[in-house]
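Reviewing the structure listed below.
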């Protein structure tokens, strides 16, 4: 089979890229007390107005009743020597849907050989199978749905016991009395016996990491243990084995202890062992310590290290064993939960499983692999599972067996390649071993998760393509030109904005980057390299692209990509997987109601008001009756009662909740109604999306439904925000503290601000923490030197710390030392440049204009005396040429005490406003002077 170059990526727009399918979301049983809501939705096409519409039914809600259930595992039979303590490990799982309390009872069964004494039931909190110090005895326990608990049943075997004994563990729910029980059978062993204890040394194992176990064996028999006849490295040997069969989804790393370190290889006889480091650790299925002798009362220990597979999941269960020529003794079973990792199904293009595949052509073979560690239950053999494959359009349904690639791998593959053939609707034959598919079909693989989770799914597109269609009628559009451009140039050799480099399905044959749709409206760009792309459509006739209808209002059954379907750039890479997009085109405006909606503000804070305008136009070609506007308010927005106006007249909504309904009344042909109203942002407005949606409708005999118009307002927290503001000035420490304009000020996060004419700057939206503020020396006067104002300068006036607290307005000032050089530089900055000479041709002088030649050579704005303000009026205090009168003295008044700081002089304060000069006559009856050019003004002396 031909292989595709690695740089070529499948694209079918639809763009199709080989990808690893993600598992479907888990479908857990609903919890007791939860509500199940069901709602029907009708979708139809209105041939009169040419729009699609949706209507939802009322919601039906059902409460989920509590169901108590449990699972208790499991019946066991073990032998113990007289005088020892019998131990059995059980697991109780709440399989119901409600939090349940269970009563637990452990008792001896009647009519057996003997009874165990000192019965107790211990909660195995750490799951190591041992009753450790501090673990509590229990006679009842409460579990959440799906939760499980390990329990250890303990009892003393009498020294004079004979025959057999039985224990019964009974669990029962306290409300619905749902019960289960286990029976443990105790046998006696008077031969050489031992006790084996296994413990987990790694508490929270993670996939891909090493995990360590401790093994301890103690001999309790009257006679020494007898060695086994073994073969070690091809040589006969005699050992007592303290061994451990590796659990599923692990690989052997090492074993060390009081004996010879041994390992066993998969497929060899159980008497054949090897020492030293294995050549292939993946073949090791058991590890052991070989002991030459083990006498009564002696103990032996070992430490086993394993490595978890990268795909390990579920519960890790492991048991050790002590073996001699007489028999064997098992340890407790250690169970450790692993992080959940759902199974994955991946399609491949080649039998080497090297190139993932997201799309295939009809008749093309492909391969399928399942990564499911939870299905790897037996580490000693290659297991099998059944996978179902269905096609969405052709309706085929097949089942295939997938076999594990090797024992303990957790990777399953279907033994043969999968073949497809072209089949129309209802033409496919189920269970014939072949997959009947249709063009633009979806092949869906499903696998029940072996860990008891949700069904796992993965899809493969068959001959994917996009469709250019009418956004109103949903019909395909022929003769539309579709062009694919490479926005970033990563896929066409660096030609950003040029045509994409497209290949046919074989990945080698070049294909055009511009196609014209046929009668079915289909187009396709089979394969492209990963990059950023954009679709450009040249519509036929009067159609327009991109569609103005949002995705929610597009006809059903179409694949709408929010970016690609609307001509916006979109990515094609391994992360996006298969990208498919149908392209809606808008037909010329048809008949019906057209609705537009705007908000007076783009941003608002909580507690503020926003005015909205809704315009309804009758484009039906006839008068419409009983037109209404339904307006859904954003979450947290509140209608301001009495604020609604229809064409300027007050109008109250007939329904006023989170949805407003306004009765517009009859709307004449081609008439437009304008509705305005005001909303207030309530405390919860920040939790919503701020989108207001409105739709208009008329009643029979001409029932029309308009488009859904939206307006979005960005909600700012304002004073409720924890962000702060930093304000400050950069000024010289001279008389009047003149500000330094044009200096860039930096924050440590890279933001900067530039000082205004008064030397002021500020930063908004500042996080509440300590920041560093520093002016840029490039914007300072020559010879400038900063002085430290307070301790937050840390001794260096050229920077300072700013300790911003929640919602704080913090001031951070900087001062330059007042040197002669700095004063000269500031004076030079205040001197305004000369204006350009007037052009030779001037317009005719107007009444009130000033002749520049007649002015004083050194004119200036007159500032009021200290303690006085210029009175409002059109006559500015401008110094006149000699011989002319000054403004009337009545234009100045004494400043009221305490008001000077609130009414600064307007004539020349830096950063303030110049007096506004207006035409007409002044209050004194004189013609006011015309505006004075800037070059005739100067700043007052400081």
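Numbering (our numbering), first residue to last: 4 to 945.
Glycine residues also receive a C-beta, built at the ideal position from the N, C-alpha and C atoms.
Per DSSP, residue 824 lies in no beta strand (DSSP E) segment; the continuous alpha helix (DSSP H) that holds it begins and ends at 823-833. Under the 8 Å Cβ criterion, the segment 383-391 does not count as touching the segment 419-433, having fewer than three qualifying pairs. With a threshold of 16 other beta carbon atoms within 10 Å, residue 649 meets it and is buried. DSSP places residue 40 in the uninterrupted beta strand (DSSP E) bounded by 38-41. For residue 451, the enclosing beta strand (DSSP E) begins and ends at 444-451. Look at the beta carbons and you see the segment 567-575 not touching the segment 519-527: under three pairs across the two are nearer than 8 Å. Collapsing the DSSP output to three states places residue 554 in a helix. Between the C-alpha atoms of residue 365 and residue 37 there is a straight-line separation of about 46 Å. With a beta-carbon spacing of about 19 Å, residue 620 and residue 695 fall beyond the 8 Å limit used to define contacts. Within the same chain, Cβ atoms closer than 8 Å to the Cβ of residue 692 are found at 637, 638, 715, the five residues on either side in sequence being excluded. Counting the other Cβ atoms within 10 Å of the Cβ of residue 732 gives 16 or more, which makes it buried. Judged by DSSP secondary structure, residue 159 falls within the beta strand (DSSP E) whose first and last residues are 151-159. One Cα belongs to residue 205, the other to residue 186, and the distance between them is close to 32 Å. Comparing alpha carbon positions, the residue from 681, 706, 596, 710 closest to residue 673 is 596.
Membership of residue 489 in the beta strand (DSSP E) is indicated by the continuous run 484-489.
Between residue 393 and residue 447, the C-beta gap is smaller than 7 Å, which places the two residues in contact.
Excluding five sequence positions before and after residue 326, the CB atoms of its chain that fall closer than 6 Å to its own CB belong to 244, given in chain order. Burial state of residue 339 is buried, judged by a 10 Å Cβ sphere holding 16 or more other Cβ atoms. Fully enclosed beta strand (DSSP E) runs of no fewer than 3 residues occupy 803-806, 812-814, 817-819 of the segment 781-826, in order along the chain.
Of 123, 262, 678, 683, the smallest CA-CA separation from residue 304 is found for 262. With distances taken between CA atoms, residue 651 lies nearest to 678 out of 678, 495, 505.
In this structure, DSSP gives residue 166 a state outside helix and strand, which the three-state scheme calls coil.
In this structure, residue 589 sits near residue 474, with a CB-CB distance shorter than 7 Å.
Taking the CA atoms as reference points, residue 494 sits about 23 Å from residue 463.
Taking a contact as a CB-CB distance under 8 Å, the pair residue 536 and residue 490 counts as one, their CB atoms being some 6 Å apart. In the structure shown, residue 278 falls within a strand segment according to DSSP collapsed to helix, strand and coil. Taking the CA atoms as reference points, residue 779 sits about 24 Å from residue 738. In this structure, residue 89 places its C-beta atom within 7 Å of the C-beta atom of residue 189. Here residue 192 has 82, 84 as same chain residues with Cβ atoms under 6 Å from its own Cβ, once five neighbours each way along the sequence are excluded. Residue burial annotation: residue 135 is exposed, with fewer than 16 other C-beta atoms found within 10 angstroms of its C-beta. Contact annotation: residue 269 and residue 288 have beta-carbon atoms nearer than 7 Å.
Here the alpha carbon of residue 104 sits roughly 22 Å from the alpha carbon of residue 122. The secondary-structure analysis by DSSP pairs residue 74 across a beta bridge with 96.
Residue ranges of uninterrupted beta strand (DSSP E) with 3 or more members, entirely inside the segment 489-549 and ordered along the chain, are 517-519, 534-541.
Between the C-alpha atoms of residue 717 and residue 752 there is a straight-line separation of about 25 Å. Following the DSSP letters along the chain, one finds residue 723 in no beta strand (DSSP E), marked with neither H nor E.
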